[in-house]
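Residue numbers (UniProt numbering): 1 to 236.
Since the structure comes first, as structure tokens, the remarks are kept for the end.
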Amino acid sequence: MAEVDLQRILTEIEKRRVRCRKQESAAPEESLQMMRDMYAEWINNDYDKDMEVLGFKSPFELAETISLFISDKNSRVLDCASGTGLLGLELKKRGYIRIDALDASKESLDYSRGKQVYTNYFCEYLGHNRLPIENGTYDAICMSAAFGNTHVRPDCFSELLRITKPGGYVIFNVRAENLILDECCKSGKLDDVIHKMAAKGKVEFLEKKRHVYMQCEQNGNTEYCYAFVLRVIGNK
Ligand SMILES: C[S@@+](CC[C@H](N)C(=O)[O-])C[C@H]1O[C@@H](n2cnc3c(N)ncnc32)[C@H](O)[C@@H]1O
């Protein structure tokens, strides 16, 4: 891959990040449409290939964490904001056989079907809206690289807790820069929401660990993320 391709990918990804930050103050429907259009365009222009060039480690690292906490490979797992299915693929490699996918982008879900790792597909927006999923359905909810402006925000937790079995897990990561720059989770906002849920007896806050998010061989750059592990106590 030529240097010029890496430069193009880096420039485009930075533009998308800036656009998402700017869009945060727009009306919710407008933000959602912008996000859907952005992924529809990116999926058709080699999201998976771009991620390979950038050395995207988030799905691999998160799957490693999931396998440390969830030993039963028959567990029902929901991959939220599943995108093209990179996390699902890592989970399948580790032996999980009952994985469902949820994403607001139809193009992403359709693309992920080709990987044949998911059983059920939900084209749904994750926020405070009710999802068409029964209470206590999943042993684990996982989410790679989706928290941030115009993406998934902390208002998703009440639905995530509702659809997780008591004793089940919510395991996700957040790009380190998003925790500093993004309105929805900066200045400790995300941690505050989690600590409040823990104080109310809804979850146990088991872990927050720094992981590699991207490690690009070509330019030697490394980006980090934080992986959060919550255990659901009650889902009321
Ligand atoms: C950067 S991609 C990450 C995809 C995948 N998890 C991975 O690690 O490759 C973000 C995905 O999250 C989805 N997404 C963002 N915000 C969402 C929301 N609020 N509800 C559902 N899906 C969302 C997008 O459609 C996109 O497919």
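For glycine and all other residues, C-beta sits at the position ideal for the given N, C-alpha and C.
The structure presented is a predicted model; accordingly, all values stated were derived computationally and were not measured.
Rounded to the nearest angstrom, what separates residue i and residue j at their Cα positions?
| i | j | result |
| --- | --- | --- |
| T11 | L54 | 12 Å |
| Y121 | K15 | 29 Å |
| P132 | L109 | 17 Å |
| F56 | L78 | 21 Å |
| I13 | R113 | 24 Å |
| S25 | N135 | 32 Å |
| I43 | L160 | 26 Å |
| I194 | R21 | 22 Å |
| H128 | C80 | 14 Å |
| H151 | G220 | 28 Å |
Span of the beta strand (DSSP E) holding residue i?
| i | result |
| --- | --- |
| T65 | Segment S58 to F69 is the alpha helix (DSSP H) holding T65; no beta strand (DSSP E) there. |
| R76 | R76 to C80 |
| P166 | T164 to R175 |
| A199 | A199 -> not in any beta strand (DSSP E); alpha helix (DSSP H) instead, spanning K189 to A199. |
| Y213 | V203 to Q215 |
| Y96 | Note, Y96: premise wrong, no beta strand (DSSP E); not H, not E. |
| Y224 | T222 to V232 |
| Y121 | Y121 to C123 |
Starting from the C-beta of residue i, find all residues in its chain whose C-beta is less than 7 Å away, skip the five residues before and the five after it, and write them out in chain order.
| i | result |
| --- | --- |
| L32 | A104 and Y125 |
| G234 | P166, G201 and K202 |
| L181 | R21 |
| K73 | G95, Y96 and I97 |
From which residue to which residue does the alpha helix (DSSP H) around residue i run?
| i | result |
| --- | --- |
| F147 | It is not in any alpha helix (DSSP H) - F147 carries neither H nor E in the DSSP assignment. |
| Y111 | K106 to R113 |
| K49 | Y47 to L54 |
Would you mind stating whether residue i and residue j have Cβ atoms separated by less than 8 Å?
| i | j | result |
| --- | --- | --- |
| T65 | V174 | no |
| A198 | Y169 | no |
| C185 | F147 | yes |
| R94 | Y138 | no |
| Q218 | L68 | no |
Kindly list the residues whose CB is nearer than 8 Å to the CB of residue i, restricted to its own chain and excluding five residues on each side of it in sequence; keep chain order.
| i | result |
| --- | --- |
| V18 | none |
| P59 | L86, L87, L89, E90, S144 and A145 |
| Y226 | N173, V174, A176, L179, K208, K209, R210 and H211 |
| Y39 | Y47, G83, S105, E107 and S108 |
Answer with buried or exposed for residue i, where buried requires no fewer than 16 other C-beta atoms within 10 angstroms of its C-beta.
| i | result |
| --- | --- |
| N178 | buried |
| D155 | exposed |
| R231 | buried |
| I97 | exposed |
| R153 | buried |
| L62 | buried |
| D100 | buried |
Does the CB of residue i have a neighbour CB from chain B at under 8 Å?
| i | result |
| --- | --- |
| S144 | The chain labelled as chain B is not found in the depicted structure, where only one protein chain is given. |
Could you name the residues of the same chain whose beta carbon sits closer than 6 Å to that of residue i, not counting the 5 residues immediately before and after it, in chain order?
| i | result |
| --- | --- |
| D48 | T84 |
| K115 | G85 and L89 |
| C216 | L54 and G55 |
| M34 | Q23 |
| C123 | K106 and L109 |
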